[in-house]
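Numbering (the UniProt record's numbering) for the sequence shown: 1 to 182. We put the CB at the ideal spot given by N, CA and C, even for glycine. This structure is a prediction, so every number in the text was calculated from the model and none was measured. Here's the structure we're looking at; comments come further down.
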Amino acid sequence: MRGPDMQVFMRLRPYAEEDLRLTQRLESDPRVVGHLGGAGDGAHADRVHRRRIAAVADGDLFFTILIGDPEEPAGIIAVWRAEFAGEQVHELGAMLLPDHQARGVAGRAFALLLPYVLDRGVRMLHAFPAVSNKPSNAILDKLGFTRGEECDLDYEGRPLRCAHWVRELVPDTAGRAPESPS
């Protein structure tokens with residue numbers, strides 16, 4: 001796909017069994033997971049897929065980003081419960097296939113995700129991209145997150161030096177999600 005995806009139709013669909021192939025593509029592509037310790041094999045992608053399915057069943061928000069007509073999967077965006085510094089937090093994460101990176105997809109998907117997050121009563125989001133992942137850190141800044149201190153975490157058992165970002169979510173007076181910066 002050439003050019004920005006800003007004018008292309010986009011919607012979110014709850015992550016489901018049919019998304020195994022998408023997860024395999026995302027988790028095996030070094031352009032997607034290079035900042036997360038590198039690509040995994042098929043068994044790794046299957047484990048990630050099973051964890052996502054279980055997380056959805058447990059109430060976490062995992063969505064497949066669909067774009068275009070006909071629709072095709074562009075990636076995944078999610079908010080899940082995680083533990084950080086001894087507290088339960090809500091963590092935001094996204095993965096995009098390479099053809100959809102740097103085209104505005106993540107920002108648009110975040111705007112579509114916000115109403116679901118607010119409906120769950122979440123009022124603070126955290127994100128933990130690798131400090132080396134300049135595009136993800138730039139997107140979080142653009143979306144109104146505030147960067148905190150760096151921390152050491154892991155992704156699928158691999159050590160990862162992360163930037164800790166936070167954003168308070170406050171619905172407007174009509175109860176709608178706050179606007180995301182464009």
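So what does DSSP say about residue i, is it helix, strand or coil?
i	result
D60	coil
Y155	strand
A78	strand
E71	coil
F84	strand
R147	strand
V122	coil
A16	coil
R161	strand
L96	strand
R50	helix
What does the Cβ neighbour count give for residue i, buried or exposed, with the cut at 16 atoms within 10 Å?
i	result
R123	exposed
G148	exposed
residue 200	Because the chain in this structure spans residues 1 to 182, residue 200 falls outside the shown range and cannot be described.
T64	buried
A16	exposed
V105	buried
A167	The question names Ala, but residue 167 in the sequence shown is Arg. Its Cβ being crowded by 16 or more others within 10 Å, R167 is buried.
What does a CB cutoff of less than 6 Å around residue i pick up in its chain, not counting 5 residues either side in sequence?
i	result
D141	none
F9	D69
R47	none
L92	V79, L125 and A127
A109	I65 and I77
R31	P98
Under 8 Å Cβ to Cβ from residue i, same chain only, skipping five residues before and after it: list those, please.
i	result
L61	A78, V79, W80, L113, Y116, V117 and R120
E150	V131, R161, C162, A163 and H164
Give me the DSSP bridge partner(s) of residue i.
i	result
R11	L66
Counting pairs of beta carbons, one from the segment 12-31 and one from the segment 80-93, are three or more of them closer than 8 Å?
no
Is it a yes or a no for the segment 157-165 touching the segment 125-138, going by three-plus beta-carbon pairs under 8 Å?
yes
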